[in-house]
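Q:
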Amino acid sequence: MSKGFAVVVPDRAAVSQYAGLSVGAWRWIGALIAVALAAALPFTVSNYHVFELTMVMIYAIAVLGLNILTGFNGQISLGHGAFFAAGAYTTAILMQRYGVPYWATVLPAGLISFVLGVLFGLPALRFEGPYLALVTLSMALATPQLLKYFDNWTGGVQGINLAKVVPPPGLGLDHDRWLYLLVLVVLIVAIRVAANILHGRTGRALVAIRDHPIAAAAMGINNARYKTLAFGISTLFTGVAGSLAAIVVSYVSPEGYGMFLSIAFLVGSTIGGIATISGALVGGLFIEFVPNFANDISDAAPAALYGLAMLLFMYAMPLGVVGSLAPLFTRWLRQARARGSGRN
Amino acid sequence: MAPILELRGLKAFYGQSQVLHGIDIAVEQGGMAVLLGANGAGKTTTLRAICGMVRSEGEILFGGQPIGQRTSEKVAGLGVAHVPEGRGTFVGLTVEENLRLGAYTRARNPHDGLQRMYGYFPILAERRRQQAGSLSGGEQQMLAIARALMMAPRLLVLDEPSFGLAPRIVEDIFTIVERIRREDGVSVLLVEQNASLALELADYAYLIQTGSVVASGTAKALSDDPQIRRSYLGY
Amino acid sequence: MHQFLQQVFSGLAVGAVYGSVALALVMIYRATDLINFAQGEMAMFSTYIAWTLVNAGLPFWAAFVLTLAISFLGGMTLERIVIRPVENAPVLAAVIVTIGLALIFNSLAGWIYTYTVQEFPSPFPDRPILGALITTNDLGVIIVTLLMLLLLFLFFRFTSTGLAMRAAAQNPVSARLCGIPVGRMLAIGWGLAAAIGATAGIMVAPVLFLDPYMMGGVLLYAFASALLGGIGSPVGAVVGGLIVGVTENLVGTYLIASQLKLTVALVLIILVLVFKPHGLLGTGIVQRV
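From first to last, the protein sequence lines are chains A, B and C. In terms of the working numbering, the first sequence opens at residue 137 and continues consecutively. In terms of the working numbering, the second sequence opens at residue 279 and continues consecutively. In terms of the working numbering, the third sequence opens at residue 298 and continues consecutively.
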């Protein structure tokens, strides 16, 4: 999926014109093509693949949240599975207990995750590096326990079964494809919002805090506020993703939201490119497909192949796929432009 | 006699940017050469290139042998002792441990070397069990030089040894360096901001500006030349 | 009171294991800013090697020493081959590599040895001593761990290689200028960490029983112990481990049954960290601009 790539060209000043159109125009064209392709895609593949691709997009949204926090703001989180769960269970409880229609639960799920993230981000200000890793990891570990404990609300070990989504009549879309397109819309919104935040003042503040917190504070940036905000925004994204996951899968249960999910998010995030937006898509692809792929290849030791894949990706592209390839792409653009103007 | 160190057409790079554009330098056996120039001229980069700390091209000959692509630890093993900018002291270790580390490539039992250093720098003997980080700036500089000398080097490379030190201490340090140069025949390559002091001590001087050597000659010749003094040395 | 002391002593024994693994984590972290998430799985794999040797007829302590040697070499090899490619990459890349390594070891162990839980022999006769306050096994674990720590201390303090390793960890650039082969020091560090992990695994296997998931919980507690003690402090790691071991035991006995034990222990540790964000013995890192 090349969709996100058009949105993020790292060195914006590198090229201002190419073949008669401005970079901005090229970016719009690229984005439109990508969206069109993505929208057409589900009609060319089987139901199961549509489901898989929907999950890819959901994971991408979750990983995008993590990228904002860990990649752009430098606060490591080994606990984003907890916020994914928060969004998922908010949706589940609202749907099952209060009969709220599925599409109306996504925003509340995101907001609750946002609040939880801010509440967590405040004490997290005290920790950095491996200490923050431990604290967030503890959250990931505690989540299944807590979900089982409050079984009055969460349905305990059995989880909550949700009614399968019925696509609106008259569109001619079946269940899987309707949900795919719905999630696609949310993904596009999420990418736009992330791009706006990260390419603007807030984004620059976040990066400044990541790279040189003392200088940032000396320049008048309120570190505490931005770091807490980063947490909230990050968990908002991941919470929304969790909510969508609950809707698509029609089921939530405590065991699905433990340590492995949190670590999978971090792995996907790093492999895609932790300080990028489009890397989140690569991360989503990795999380959804590589474990299955490993299972297909090897009966005996699929996890070993999964682990091996992680090693190979890091050797080849230590900054992540997008993180490593994007600078090369920019350099190619610059050289192409130099060649072009040299000829003129 | 061939120079102990020769740089021919040395280029150096930090990532994509080229910082040195073809440096030619020679240090005579037992002599002292000084690199002068403004901040950012490339003096420290030259020293780093010699010790394999930055990517470089061109020829670096030590004792006639090319050492251009060798790693820092190999260069040290050949007898080049580099006292970097900022001293590079192991602040978490004791004074004596710092000195012992200097002898890593030499004796298994550095006892004699230690006694010699304590003779040159009595203050270090006093503080031998103290954490190196708790020493004053001047004492740390002495420690750094002593550590370098524990290696029994053929070439001593000093990067701004007078930086941040009171003039009295600087005098003491250079007196000892001179003494060791005479007694052991150690060659010295020096980078110094304090141009007048450096020109008093050195045999030969090179003036570096934005990555190239713009003037060179005996120290006396450079310090006598009024134009150079005025343009580059500020007095 | 009697039961309390019993729990404290058995807590010290398991705490010694946590402290050992925590020490291995701190050793590698000090040199490279990297938390080796594969430390537990490496230890588990070493324990399986010991198990294989014992089953092949080797006397226990011979198997123990041989396993330590194999683990040491294995650790060095891992560092040179698996970690070296990312040594100049951002730390996060190396973290992912260690996570992948953990998966590989776990999966390999399950494939070679199956996931069936195995018994692991204890070299110490199962007899309570000191008026049934502590079992021989627990005392043996504590003594073996103390011996190992003593040897490590002597190595780092009084040998030139130990000194060179400490220098390489603190200031690799200066170490190179002294002629110290920093890469090799790093490899030796990994080798030692692997050997320490192997010791911990062998000591704890008789109690936890041997299966590929044996060290998962131990790694978690070890990570928490290292942070509790202060991630830069080797002494802190061991002290942290002992505290966590005793706390875990007491919490499990007097407060909550096993399900929430981990959560409660972590909450307590985090509470301490809130007041001391750099651990009990850690010093805040002074940032110079």
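Positions of the beta carbon are idealized from the N, C-alpha and C atoms, including for glycine.
1) What three-state label does DSSP hand residue 309 of chain A in the structure shown?
2) Is it right to say residue 364 of chain B is buried, meaning 16 or more other beta carbons lie within 10 angstroms of its own, or is it exposed?
3) Is there a Cβ of chain C sitting closer than 8 Å to that of residue 351 of chain B, yes or no?
4) For the alpha helix (DSSP H) holding residue 337 of chain C, just list the boundary residues, first then last.
5) Excluding the 5 residues flanking residue 377 of chain C on each side, which residues of the same chain have their C-beta closer than 7 Å to its C-beta?
6) Would you identify the three-state DSSP class for residue 493 of chain B, choosing helix, strand or coil?
7) Can you confirm whether the region 248-261 of chain A touches the region 348-367 of chain A when touching is taken to mean that 3 or more C-beta pairs between the two stretches lie within less than 8 Å?
8) Determine the extent of the beta strand (DSSP E) in which residue 310 of chain B is found, giving its start and end residues.
9) Taking the DSSP output, what are the residues bridged to residue 286 of chain B?
10) Output needed in chain order: residues of the region 457-470 of chain C with a Cβ under 8 Å from some Cβ in chain B.
11) If we cut at 8 Å on Cβ distances, does residue 528 of chain C have a partner in chain B?
12) Could you spell out where the alpha helix (DSSP H) holding residue 517 of chain C opens and where it closes?
13) Quick check on residue 376 of chain B: does DSSP put it in helix, strand or coil?
14) Going by the CB atoms, is the gap between residue 398 of chain A and residue 185 of chain A shorter than 8 Å?
15) Identify each residue in the region 516-550 of chain C for which the Cβ-Cβ distance to at least one residue of chain B is less than 7 Å, and report them in chain order.
16) In chain C, which residues lie with their C-beta within 9 Å of the C-beta of residue 375 of chain B?
17) Under a CB-based cut-off of 8 Å, is residue 368 of chain B close to chain C?
18) Should residue 578 of chain C and residue 533 of chain C be called a contact, given that it needs their Cβ atoms to be closer than 8 Å?
19) Which class does residue 370 of chain C belong to by DSSP, given the choice of helix, strand or coil?
20) Am I right that residue 419 of chain A and residue 195 of chain A are in contact with their C-beta atoms under 8 Å? What's the rounded C-beta distance?
21) Can you pull out the residues from the region 430-454 of chain C whose beta carbon lies closer than 9 Å to at least one beta carbon of chain A?
22) Reducing DSSP to helix, strand and coil, say where residue 471 of chain A ends up.
23) Flag residue 406 of chain A as yes if its beta-carbon sits less than 8 Å from any beta-carbon of chain C, otherwise no.
24) Just grab the DSSP bridge partners of residue 299 of chain B for me.
25) Measuring straight from C-alpha to C-alpha, what distance separates residue 198 of chain A and residue 461 of chain C?
26) With a threshold of 8 Å between beta carbons, is residue 319 of chain B in contact with chain C?
27) Going by beta carbon distance, what residues of the same chain come within less than 8 Å of residue 417 of chain B, once the five residues before and after it are set aside?
28) State the Cα-Cα distance for the pair residue 588 of chain C and residue 419 of chain C, rounded to the nearest angstrom.
29) Who are residue 437 of chain B's beta bridge partners in DSSP?
30) The region 363-390 of chain C: which residues have C-beta closer than 8 Å to a C-beta of chain A, in chain order?
31) In or out: residue 330 of chain C buried (at least 16 other Cβ within 10 Å) or exposed?
32) Are residue 509 of chain A and residue 208 of chain A closer than 8 Å when you measure CB to CB?
33) Taking just the CA atoms, how far does residue 419 of chain B sit from residue 313 of chain B?
34) Within the continuous alpha helix (DSSP H) that includes residue 587 of chain C, where are the two ends?
35) Should residue 491 of chain C and residue 324 of chain C be called a contact, given that it needs their Cβ atoms to be closer than 8 Å?
36) Please confirm if residue 406 of chain B has its CB atom under 8 Å from at least one CB of chain C.
A: Reading off the structure:
1) coil
2) exposed
3) yes
4) 336-352
5) 484
6) strand
7) yes
8) 310-314
9) B:337
10) 457, 460, 461, 463, 464, 467, 468 and 470
11) no
12) 511-526
13) helix
14) no
15) none
16) 460, 463 and 464
17) yes
18) yes
19) helix
20) 7 Å
21) none
22) helix
23) yes
24) B:289
25) 45 Å
26) no
27) 401, 402 and 405
28) Residue numbering for chain C in the displayed model covers 298 to 586; residue 588 of chain C lies beyond these limits and cannot be assessed.
29) B:469
30) 379, 382, 383, 386, 387, 389 and 390
31) exposed
32) Shown here, chain A extends from 137 to 480; a query on residue 509 of chain A therefore has no answer.
33) 19 Å
34) With chain C represented from 298 up to 586, any question about residue 587 of chain C goes unanswered, as that position is not in the structure.
35) no
36) no
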